[in-house]
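For reference, the structure is listed below as structure tokens.
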DNA sequence: GAGGGGGCGGTTTTT
DNA sequence: CCGCCCCCTC
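Residue numbers (the numbering used here): 6 to 596.
Spelled out as structure tokens, the structure:
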């Protein structure tokens with residue numbers, strides 16, 4: 006492979022790929038071919054350095070990124086060869102913990118709790134403590150999650166906390182952990198923090214994995230939190246061959262504990278770090294890059310990569326002021342309809358999920374097919390969680406959250422479920438098990454109330470069945486369901502080549518690119534969001550988010566804002582976002 | 001025990 | 001404006 010594959014890379018990229026040993030920091034700007042470098046590096050390790058696949062570990066943040074990398078690496082390697090582990094931090098840790106579960110202090114069949122399950126647990130504790138609804142369960146859960154990301158246990162938290170709210174959290178947190186343990190369940194944060202704890206406390210287990218992973222590659226390093234950072238440090242503790250890729254300008258997950266300073270500290274924490282700068286952008290026009298730079302360069306707390314491209318000039322950025330959100334959506338769809346480009350080349354990006362509604366309605370009205378990414382996630386839907394709860398009680402009888410959930414579905418149904426549970430258990434395929442439960446409990450009858458919503462609920466359960474049909478046993482299915490987001494029907498048809506525009510949040514758009522991007526709702530209080538408008542650090546994150554949004558565009562970028570917007574049912578007057586006024590006039594044409 | 005109506009509170013982003 | 005929670009009724 007060697008010459009031909011490396012020939013697809015520019016000289017900076019080649020250098021970054023070929024330097025496999027020791028600690029390497031690749032600062033890769035937006036559109037600079039970061040995924041390319043990582044995937045070629047894996048291929049290079051296998052084909053050129055003859056590294057066995059099992060000795061390579063590649064971690065990313067999202068399933069989307071992991072999936073894409075797998076696909077690409079698969080293409081580069083010889084047919085039939087084994088693939089290295091490539092997955093999210095969470096899936097890696099879950100797998101490790103299942104293997105080592107006994108030493109970690111829980112049993113192998115532990116449940117993985119998502120946010121809904123976590124909230125159920127917190128609410129239960131709050132009502133036991135008779136704290137009532139004065140403190141919002143979400144806020145408490147967020148504090149606990151933050152603490153876990155910092156590797157702070159309940160005792161540590163109590164020592165460090167002060168104030169009324171923290172007082173409540175420090176009451177809830179230990180009880181919450183105790184309940185998780187009793188339920189034989191881990192939440193998302195536990196997956197990481199329990200792995201770190203396990204490896205720190207058991208040097209033999211740590212060594213096993215340290216020795217196994219000769220080469221470690223970490224994507225989106227600016228988005229690691231303390232626990233993830235510690236984990237990568239431990240895993241690289243024997244060979245020290247670790248390549249991290251990231252860009253502080255694209256750190257947008259500070260709200261969930263990510264700390265871009267980790268990437269800044271990398272050079273201090275490892276000795277003799279080689280730094281690579283990838284600043285050539287292969288995606289956008291110079292006009293778009295200049296616009297992006299004029300926004301991000303206002304940030305002061307992190308280094309900023311100045312990107313360049315051979316793609317000089319390009320169309321000006323267009324700015325549109327609409328009277329209200331309906332007119333804004335109308336403008337977007339008019340532009341799309343008047344263009345001759347394929348629908349899949351358009352993306353409409355927004356700050357909050359709530360904004361999608363008006364856009365969807367406008368699409369329906371004008372007959373433009375669309376794919377909505379995100380929104381209420383498939384596995385979070387009530388009907389899906391209900392069905393999954395029946396299954397989880399089968400694999401993990403201690404799971405009280407699922408138990409309570411199915412009790413709520415109905416006592417009568419519970420009895421019927423329990424009657425058939427014994428027959429169900431015998432190593433049947435997940436699909437058959439679900440069908441059996443549905444039949445006995447008549448669950449579909451319950452959710453099908455004849456309305457459109459009811460119909461869509463039934464459709465969702467059928468969709469779950471089709472996912473289940475791909476799995477041979479229940480545990481594998483449940484693991485996948487917890488850690489991998491399902492592709493919606495719409496996304497599937499889009500990937501099958503049906504033409505549609507894409508609607509999603511800016512967060513969801515990270516790592517993607519489109520010929521034409523509409524950034525809508527560019528207003529003060531919305532983007533930057535009101536809740537991030539007071540703290541300078543939060544504002545810088547909003548600015549990075551805007552930067553990510555702008556740099557998704559390859560050819561054409563529209564920025565739109567409205568004079569007034571319906572917000573919480575009230576019409577409010579809006580001001581244009583500072584991120585728009587930061588862009589100099591010579592880059593802009595007003596429509 | 002199940003299901004529906006009315007009041008209340010709340011909008012960020014996600015593995 | 002929507003979803004959630006509580007309470008009320010069957």
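Yeah, the Cβ is synthetic: ideal placement off N, Cα and C, and Gly gets one too.
Distance, Cα to Cα, residue i vs residue j?
| i | j | result |
| --- | --- | --- |
| residue 371 | residue 359 | 20 Å |
| residue 233 | residue 140 | 29 Å |
| residue 343 | residue 224 | 39 Å |
| residue 443 | residue 73 | 35 Å |
| residue 57 | residue 216 | 13 Å |
| residue 582 | residue 258 | 21 Å |
| residue 579 | residue 589 | 21 Å |
| residue 395 | residue 92 | 28 Å |
| residue 594 | residue 324 | 7 Å |
| residue 461 | residue 469 | 12 Å |
| residue 531 | residue 537 | 9 Å |
| residue 598 | residue 220 | Absent from the model: residue 598. The displayed extent of the chain is 6 to 596, so no value can be given. |
| residue 473 | residue 96 | 19 Å |
| residue 332 | residue 363 | 10 Å |
| residue 226 | residue 448 | 44 Å |
| residue 268 | residue 278 | 12 Å |
Are the CB atoms of residue j and residue i within a distance shorter than 7 Å?
| i | j | result |
| --- | --- | --- |
| residue 338 | residue 297 | no |
| residue 587 | residue 306 | no |
| residue 156 | residue 208 | no |
| residue 577 | residue 568 | no |
| residue 369 | residue 511 | no |
| residue 463 | residue 445 | no |
| residue 525 | residue 565 | yes |
| residue 374 | residue 505 | yes |
| residue 284 | residue 34 | yes |
| residue 32 | residue 282 | yes |
| residue 518 | residue 557 | yes |
| residue 87 | residue 304 | no |
| residue 37 | residue 286 | yes |
How should residue i be labelled, buried or exposed, when 16 other C-beta atoms within 10 angstroms of its C-beta is the threshold for buried?
| i | result |
| --- | --- |
| residue 457 | exposed |
| residue 189 | buried |
| residue 515 | buried |
| residue 110 | exposed |
| residue 122 | buried |
| residue 169 | exposed |
| residue 528 | buried |
| residue 597 | The structure shown does not extend to residue 597, since the chain spans only 6 to 596, so no value can be given for it. |
Leaving out the 5 sequence neighbours to the left and right, which residues in its chain are closer than 8 Å to residue i when beta-carbon positions are compared?
| i | result |
| --- | --- |
| residue 318 | 290, 291 and 292 |
| residue 400 | 114, 116, 479, 480 and 483 |
| residue 534 | 356, 357 and 547 |
| residue 222 | 43, 46, 47, 61, 62, 63, 64, 247, 248, 249 and 250 |
| residue 365 | 375, 377 and 508 |
Can you tell me where the beta strand (DSSP E) holding residue i begins and where it ends?
| i | result |
| --- | --- |
| residue 323 | 322 to 327 |
| residue 191 | 190 to 192 |
| residue 594 | 593 to 595 |
| residue 570 | 569 to 572 |
What does a CB cutoff of less than 6 Å around residue i pick up in its chain, not counting 5 residues either side in sequence?
| i | result |
| --- | --- |
| residue 275 | 28 |
| residue 280 | 30 |
| residue 551 | 300 and 584 |
| residue 179 | 159 |
Using C-beta distances below 7 Å, list every residue in its chain close to residue i, excluding the 5 sequence neighbours before and after it, in chain order.
| i | result |
| --- | --- |
| residue 263 | 228, 229, 230 and 256 |
| residue 7 | Caution is warranted here: a pLDDT of 45 is assigned to residue 7, below 50, making its placement in the model unreliable, and the coordinate value is therefore given only provisionally. The answer, listed in chain order, is 53. |
| residue 4 | Residue 4 is absent from the structure shown; the chain starts at 6 and stops at 596. |
| residue 108 | 203, 207 and 210 |
| residue 486 | 384 and 393 |
| residue 26 | 246 |
Mind checking which residues open and close the alpha helix (DSSP H) that includes residue i?
| i | result |
| --- | --- |
| residue 118 | Run containing residue 118: none in the alpha helix (DSSP H); it sits in the beta strand (DSSP E), 116 to 118. |
| residue 343 | 330 to 343 |
| residue 41 | 39 to 52 |
| residue 154 | 142 to 154 |
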